[in-house]
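In the numbering used here, the protein residues as written are 10 to 413. Ideal Cβ placement from N, Cα and C applies to all residues, glycine included. Below is one structure, written out as structure tokens, with a few remarks after it.
Take a look at the structure:
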């Protein structure tokens with residue numbers, strides 16, 4: 010196979026070729042680094058490219074595989090991570106000029122887990138400032154959607170979405186608080202998996218919300234997402250909210266059999282006046298295909314679903330502002346204008362409103378659990394619209410901000 014074709018394989022396809030020694034990790038890594046150098050100046054998906062470290066890791070992986078020490082599906086596979094995860098000895102900016110000189114001494118747990126899995130890290134990916142700001146006038150270059158350079162790749166894991174869609178990494182990690190994995194995946198035709206809270210450690214992550222932050226993959230296939238989360242999931246005593254439960258074999262679960270699966274179609278989302286008709290039709294077609302394959306579907310109601318975005322932002326604003334206060338207060342003039350407003354607003358929201366929002370959140374959670382008593386899976390569109398033009402992002406209404 011021509012080396013230039015390697016980046017267009019899914020992570021799972023490349024993994025099989027590496028395992029069988031048909032492709033070397035060094036060859037694959039070189040192909041990705043060449044493509045990054047050629048394509049990324051147009052996309053701004055990377056903040057830092059770690060070429061030398063990547064090649065060193067690839068050579069180590071190649072030697073291990075050659076001597077029978079194969080670690081698993083990510084061994085020797087080139088990938089990249091959002092610049093929200095601490096990486097020892099490597100710049101970690103959180104997408105902000107405030108942290109332009111921040112070089113951590115310790116890896117985030119997910120980075121440690123990826124290294125144990127033998128993954129090759131190509132670099133750190135662009136993101137909204139502290140996972141909150143919009144992405145225009147970005148200090149590290151405005152990320153672009155590879156399907157249309159005039160369009161937004163989604164926030165806040167913008168670089169993860171853009172790089173994965175453009176085949177500048179085999180798979181990637183993002184972080185999701187209010188849609189930051191799902192949104193970029195939606196805008197770029199990818200698989201974004203926000204895992205259950207506590208499934209993946211957040212230790213060493215530049216967080217935004219103690220009660221909502223999650224870490225997960227943005228990938229080009231469901232199988233890619235499965236092998237990526239397999240490597241990073243698991244209990245971590247350094248994260249007090251981490252689950253001490255066994256991690257299932259996600260790849261083995263991909264049987265393709267949906268016979269008897271009950272789909273619950275969330276009507277509040279499907280009937281939303283903000284939902285683009287093309288999205289509605291696409292979801293309906295997907296339900297129809299799954300029905301032909303043996304799944305059944307029924308309508309379910311989650312009455313508070315239309316208010317989930319506003320509820321998320323009410324909680325997130327308070328937690329984000331207070332978490333970052335020691336860093337933001339002395340550097341407020343360096344913050345993105347909209348983040349400055351968010352910080353000041355979140356700082357003055359009374360505790361009683363935050364408490365009320367958390368109570369409403371508990372009711373919403375129970376409504377979701379009630380729906381899942383009747384069905385196995387909830388089906389709803391990821392977002393209401395397609396990727397907007399980059400220039401139009403500042404003018405999006407606040408209700409849309411809450412959804413992205």
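- If you check the CB distance, residue 214 and residue 62 do not come in under 8 angstroms.
- Secondary structure at residue 228: strand, using DSSP grouped into helix, strand and coil.
- The way I'd put it, the segment 290-303 does touch the segment 260-277; three or more beta-carbon pairs between them come closer than 8 angstroms.
- Judged by DSSP secondary structure, residue 278 falls outside any beta strand (DSSP E) and instead within the alpha helix (DSSP H) spanning 276-279.
- Contact between residue 122 and residue 295 fails: their C-beta atoms lie close to 32 angstroms from each other, not under 8 angstroms.
- Following the DSSP letters along the chain, one finds residue 56 inside the beta strand (DSSP E) bounded by residues 55-58.
- Judged by DSSP secondary structure, residue 50 falls within the alpha helix (DSSP H) whose first and last residues are 34-52.
- The distance from the Cβ of residue 71 to that of residue 33 is about 5 angstroms, consistent with a contact at the 8 angstroms cut-off.
- In the DSSP secondary-structure assignment, residue 348 is not bridged to any residue.
- Distances from the CA of residue 198 to each of 188, 228 and 206 were compared; the closest alpha carbon is that of 228.
- If you draw a 10 Å sphere on the C-beta of residue 55, you find 16 or more other C-beta atoms in it, and that means buried.
- If you compare the alpha carbons of 258, 257 and 210 with that of residue 246, the shortest gap goes to 210.
- Residue pairing of residue 64 in beta bridges, as defined by DSSP: absent, with no partner found.
- Excluding sequence positions up to five before and after residue 26, its CB lies within less than 6 angstroms of the CB of 32, all in the same chain and listed in chain order.
- Comparing alpha carbon positions, the residue from 116, 101, 226 and 249 closest to residue 88 is 226.
- Within the segment 200-270, the runs of beta strand (DSSP E) that reach at least 3 residues and sit entirely inside it are, in chain order, 223-228.
- Non-local beta-carbon contacts of residue 377 in its own chain, meaning distances under 8 angstroms to residues more than five positions away in sequence, involve 311 and 387 in chain order.
- The DSSP-derived three-state label of residue 306 is strand.
- Contact holds between the segment 166-185 and the segment 41-56, because three or more Cβ pairs, one in each stretch, are under 8 angstroms apart.
- Straight through space, the alpha carbons of residue 128 and residue 264 are spaced by roughly 25 angstroms.
- In this structure, DSSP gives residue 157 an extended state, which the three-state scheme calls strand.
- As the crow flies, the alpha-carbon of residue 52 is around 23 angstroms from that of residue 233.
- Judged by their CB atoms, residue 366 and residue 320 are nearer to each other than the 8 angstroms cut-off.
- Exclusion of the five residues before and after residue 115 leaves 95, 97 and 213 as the residues of its chain whose Cβ lies within less than 7 angstroms of its Cβ.
- When 162, 220, 109 and 238 are compared, the shortest CA-CA separation from residue 204 is found for 238.
- In the structure shown, residue 394 adopts coil according to DSSP, grouped into three states.
- Secondary structure of residue 141 (DSSP, three-state): coil.
- Proximity to residue 38 across 170, 381 and 83 peaks at 83, based on C-alpha coordinates.
- When the beta-carbon positions are compared, residue 100 and residue 57 come within less than 8 angstroms of each other.
- In this structure, DSSP gives residue 294 a helical state, which the three-state scheme calls helix.
- Boundaries of the alpha helix (DSSP H) harbouring residue 170: 167-174, taken from the DSSP string.
- In the DSSP annotation of this structure, residue 87 is not part of any alpha helix (DSSP H); the continuous beta strand (DSSP E) holding it starts and ends at 87-91.
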